[in-house]
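When you read off a place in the sequence shown, starting at 1, and then add 161, the result is the number in our numbering. We treat Cβ as the ideally placed atom computed from N, Cα and C, and that holds for glycine. Quick caveat: nothing in here was measured; it's all calculated off a predicted structure. Structure first, then comments.
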Amino acid sequence: MVAQLRYSVSMKPETHYYEVTIQSPISSANRSNGIVHAVMPSWTPGSYLIREFARNVLDFKAVDAETRTPLVSYKSAKNIWNIELPEAKSAIEITYRVYAFEYTVDTSYLDEFHGVINGASVFMYIEGLENVEHYLTINLPSNWSKIATSLDSVAAPDGHNSSTFTAPNFDILVDSPLELGNQEIRTFEVEGVAHEVSLFGSRTINNDEFVSDLKKIVDQTWRVIGTIPYRRYLFLVDFAAGPRGGGLEHLSSTHCIVPRYRLMPRQEYHLLLGLFSHELFHAWNVKRMRPSGLGPFNYSTETYTKSLWIAEGITSYYDDLILRRAGIYSPADYFDALCLNIDYLKSLPSSSYESAEESSFNTWIGQYRPDENSVNVHSSYYQQGAVIGWMLDMEIRKYTNNSRTLDDALKKLYNESFVKESRGYSEEELERICTELGSPAEVKLIFDSRVRGREPVDFDKYLQYAGLRLDTKSKKEQPKGYLGFKTRTESGRVIVASRLFGSPAESGGIASGDEIVAVNNFRIDSLTLPFLIANSKPNEEISLLVARDGVMHTLSAKVADAPQFEHRISKIESASEMQKRLFQGWMNASWDEPLEYVEYTPSPLKMKTFDFI
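Written out as structure tokens, the structure reads:
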């Protein structure tokens, strides 16, 4: 008889299928009208998109655990399987396979070299038993020997290459990814707390230096709130060849995929360390201190909150600031990183159509489902929240003569909501706390204009608090022509991928999906089109031959001078002593230290902030 809820996973790497077995006791808690419900999550916490993980499930079966008699099972919804129990049973066994060949931090993956399990995409839950203890046994292929996970291990009675772990409930099981294979595992301690780093894939960096940098990040991150809330933490790090990486936060771990060609030059590597700083900060902000809408989770449908600008955006402010505090960034490096967020808000029209709260609430239809018009109407809560966090930090520092910071606001919010009451915070609590620390009128202005409103940010106002100003990068070449669209290439054809609101392209009738065939009667390709537009004179009328739905059209557009959306931060020559003190407290650097910006050739995989022609 099965007295515990037990999961077992085996795998055939060459097929990309995980084979899952669930042994579940039966009681009134999980049996309703003679039916047991097995539910596959439809999304994973931290990634706000319905991903329909049930589409990867194959060969679902259920049997009586004692007699092995097959039980009738069928789907009653897209992600729910009903199991009929015509008579009293003490336990059932469920088996199914899961296809895992999507290499992202939001999904699971399996090939002949390694496996990654993101629990929401592999594990069903038994309705009614979500809060009982879960046991998980992993059966590795004979040529693999490593399992990295933040789950607690228990005695493994199943023999060679099998290990068993336990989680107090389904939420923790889902929130504890696993890396399987022969990866390298490093360890270090901060404040007596163990941290592991699981390293998979070819890489161009020194492992010792990378682990040392992670330790520096951890050592500065815990100081923001003042406590380490986990007993052990795991960095799951996969180095891959793809153009994009990413990370996903978990309660006591993170899984990050790093494009290996973004590891050089040194400035690119430092930018990428911000990914680890960001995901680690979530161990405090989101996984413990969290918006009230984010938990308890309903894994079958959307979970709404207006506070992702706090959960993700303020985390984005700190991920760069922590690199400065750790000595990884110089002040100039930090300001270049800050300017990436500033450039985003200044260059794209979307922040005029979506506030930080609106962007947070709309994440299920915006952040993870971009289309050709998203740049115009959906403004990321990552960049918005990072800028708002910076504004609040500057305001609190100025009002208190640098004796209080945004750190103090987060500590108070963390202690009030998570430590004392173990609850989510409301959208208004951070505003109240910041109002207590900073100028009430100025804090209200920030929340009214940018959190709830859509007003442009006066960047120089907040930079001047620290004796700084915003400059555009100097143009070394002649003014460039500009129409305001970006392109993609399909089978050699140049297609308009998106078009900006208010641009010459919009005025000229150029539409997303158009194929650009010729400019001024000259046939173009993906290289010559931006060249011809850039070398057209401002106010010049140019003719474009486009194919739209298979029909040729001749359009006319007036070229504008290309806007300059790349910025640099510099010091004000006549800065006051108060401005210098705020700078020194914020940057942990002497005012007299010069800002030395380093020009370098970025990775070809690095996405540009503004790439419209």
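Item                                                                                                          : Value
Counted within 10 angstroms of its Cβ, other Cβ atoms place Asp772 as buried (16 or more) or exposed          : exposed
Sheet register partners of Gln528 (DSSP bridge)                                                               : The partner list for Gln528 (beta bridge, DSSP) is empty, contrary to what the question assumes.
Bounding residues of the beta strand (DSSP E) (the contiguous stretch that carries Trp305)                    : Where Trp305 is concerned, there is no enclosing beta strand (DSSP E), given that its DSSP letter is neither H nor E.
Rounded C-alpha distance that separates Pro174 from Leu341                                                    : 11 Å
Residues that Tyr643 bridges to, as DSSP identifies them                                                      : Ala721
Beta-bridge pairing of Ala708 - partner residues as DSSP gives them                                           : Glu676, Met713
Given Gly276 as reference, the closest of Tyr296, Tyr505, Leu219, Ser306 once Cα atoms are compared           : Ser306
Beta-carbon proximity check, Leu631 vs Ile483, cutoff 8 Å                                                     : no
Pro788 to Gly599 span [Cα, whole Å]                                                                           : Missing from the structure shown is residue 788; the chain here goes from 162 to 774 and no further.
Local Cβ density within 10 Å of Ser203, reported as buried at 16 or more and exposed below that               : buried
For Lys634, the nearest candidate out of Leu334, Ala223, Asp497, Gly407 (CA to CA)                            : Asp497
DSSP three-state assignment for Ile366, whether helix, strand or coil                                         : coil
Beta-carbon gap between Ala199 and Ile255 smaller than 8 Å                                                    : yes
Cα-Cα separation, Arg384 to Pro763                                                                            : 32 Å
C-alpha gap between Gly746 and Tyr560, whole angstroms                                                        : 14 Å
Rounded straight-line distance, which links the Cα of Tyr495 to that of Glu727                                : 15 Å
Closest residue to Tyr460 among Leu290, Arg593, Ala281, Gly527 (Cα-Cα distance)                               : Ala281
Buried versus exposed call for Gln165 [16 or more other C-beta atoms within 10 Å across all chains shown]     : exposed
Classification of Pro420 by the beta-carbon crowding that lies within 10 angstroms, buried from 16 upward     : buried
Asn330 and Asn292 closer than 8 Å at C-beta                                                                   : yes
Three-state secondary structure assigned by DSSP to Arg615                                                    : coil
Residue interval of the alpha helix (DSSP H) (run including Tyr505)                                           : 492–508
7 Å Cβ shell around Thr176 - same chain, five flanking residues per side excluded                             : none
Simplified DSSP state of Leu692, which is helix, strand or coil                                               : In the sequence as displayed, the identity of residue 692 is Phe instead of Leu. Three-state DSSP puts Phe692 in a helix.
Inter-stretch contact at 8 Å, needing at least 3 Cβ pairs: the segment 208–225 / the segment 294–314          : no
Nearest candidate by alpha-carbon position, reference Ile594, set Trp242, Gln544, Asp569                      : Asp569
Where Asp158 falls: helix, strand or coil (DSSP)                                                              : In the structure as shown, the chain starts at 162 and stops at 774, and residue 158 therefore has no counterpart that could be examined.
Element boundaries [alpha helix (DSSP H), containing Met552]                                                  : 542–560
Outcome for Gly653 when other beta-carbon atoms lying within 10 angstroms are tallied against a minimum of 16 : exposed
Same chain, Cβ closer than 6 Å to Lys647, five either side skipped, listed in chain order                     : Ala658, Ser659, Asp772, Phe773
Identity of the residue in Gly403, Ala355, Arg427 nearest Asn367 by Cα                                        : Arg427
Ile418 and Gly406 closer than 8 Å at C-beta                                                                   : yes
Cβ neighbours of Gly527 in the same chain (closer than 6 Å, five flanking residues each side left out)        : His539
Arg611 beta carbon less than 8 Å from that of Val618                                                          : yes
Residue environment, Leu219, which counts as buried when at least 16 other CB atoms sit within 10 Å           : exposed
Rounded Cβ spacing between Arg558 and Leu756 (contact assumed at less than 8 Å)                               : So it is not a contact: roughly 19 Å between Cβ atoms.
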